[in-house]
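Residue numbers (our numbering): 19 to 282.
Glycine included, each C-beta is placed from N, C-alpha and C at the ideal position.
Remember, predicted model here, so these are calculated numbers, not experimental data.
Read the structure below first, then the notes.
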């Protein structure tokens, strides 16, 4: 893989990680078209995902510090705290630990990714149709039951192609949160979930990497970081106008491309 390909993959990752369109599906499709597959390709994808996660930490640094009591804002209510994040992460952590072997064995294939893209798109449509436009009460009005409910929906993202952000944003609006609040909470709970999963994958695959991989991996990491920051800001502005159905339609298009370029 050369630097140009790494930058292309970084752009795809940064654009899709926090949109409800499945970054996994896009990376598999892009990697296939670029001829970049195999164990090292999977490790590269993990590294650039960490670049996207860093973008959330930078954009929401005050919020993350406040979770640990290191930053205080004047509020007339308790606000979002670490318990919200923990209860939202517990379901997927437990399900992932129990079903890790089965997921790796049965769900990581192009066929299952296509199914995940389609079913995830259907969930977006259901959430959009079932939910009336809600007033943005903000993250600090999110309740513990809402956080836990979003966490249950996050379990759907264990299915490759389903999209973690698609599952959690859909779950958030179905639980009564506004589109913006659901999206921002999705971004925040992505940080511990993806750092844990990505860190473990990097440790396991460290032996297959060499010093010559560093410049290419760094190029992809930095590209994903910069693009993800821009994508998050743009997505939040776009979400209330477009809502979720256009993203569902886009997922169906990607599923068709998957079929044409990978499965045929």
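{"Query": "Is the CB of residue 282 under 9 Å away from at least one CB in chain B?", "Result": "Included in the structure is just one protein chain, with no chain B present."}
{"Query": "Look at residue 84 and residue 138 and say whether their C-beta atoms are less than 9 Å apart.", "Result": "no"}
{"Query": "Between 246, 198, 146, 61, which has its C-alpha nearest residue 262's C-alpha?", "Result": "146"}
{"Query": "Could you give the DSSP three-state label for residue 188: helix, strand or coil?", "Result": "helix"}
{"Query": "In whole angstroms, what separates the C-alpha of residue 270 from that of residue 159?", "Result": "34 Å"}
{"Query": "Measure the Cβ-Cβ separation of residue 179 and residue 130 and say whether it is below 9 Å.", "Result": "yes"}
{"Query": "Looking only at its own chain, which residues have a Cβ that is under 6 Å from the Cβ of residue 173, when we skip the five neighbours before and after it?", "Result": "109, 110, 113"}
{"Query": "Grouping DSSP H, G and I as helix and E and B as strand, with all else coil, what is residue 278?", "Result": "helix"}
{"Query": "Whether or not the stretch 21 to 38 and the stretch 238 to 257 are in contact is what I'm after, with contact meaning three or more pairs of Cβ atoms, one per stretch, closer than 8 Å; do they touch?", "Result": "yes"}
{"Query": "Does DSSP put residue 90 in a helix, in a strand, or in coil?", "Result": "coil"}
{"Query": "Taking a contact to mean a Cβ-Cβ separation below 9 Å, would you say residue 265 touches residue 37 in this structure?", "Result": "yes"}
{"Query": "Please say whether residue 24 and residue 209 have beta carbons closer to each other than 9 Å?", "Result": "no"}
{"Query": "Hey, residue 45 and residue 121 are a contact pair by Cβ (cut 8 Å); roughly how many whole angstroms apart?", "Result": "Their Cβ separation, rounded to whole angstroms, is 17 Å, which puts residue 45 and residue 121 out of contact at 8 Å."}
{"Query": "At what residues does the alpha helix (DSSP H) containing residue 211 begin and finish?", "Result": "197 to 223"}
{"Query": "For residue 105 and residue 166, I'd like the C-alpha separation in whole angstroms.", "Result": "5 Å"}
{"Query": "Which same chain residues, not among the five before or five after residue 187, have their C-beta less than 6 Å away from its C-beta?", "Result": "38, 200, 201, 204"}
{"Query": "Have a look at residue 215 and residue 65 and give me their C-alpha separation to the nearest angstrom.", "Result": "11 Å"}
{"Query": "Any idea if residue 81 is buried or exposed, counting beta-carbon neighbours within 10 angstroms, 16 or more meaning buried?", "Result": "buried"}
{"Query": "Just the Cα atoms here: how many angstroms apart are residue 49 and residue 27?", "Result": "8 Å"}
{"Query": "Could you name the residues of the same chain whose beta carbon sits closer than 7 Å to that of residue 191, not counting the 5 residues immediately before and after it, in chain order?", "Result": "145, 149, 197, 200"}
{"Query": "Excluding sequence positions up to five away, which residues of its chain have a Cβ less than 8 Å from the Cβ of residue 251?", "Result": "77"}
{"Query": "Spatial neighbours of residue 141 within its chain, please: C-beta separation below 6 Å, excluding the five flanking residues on both sides.", "Result": "188"}
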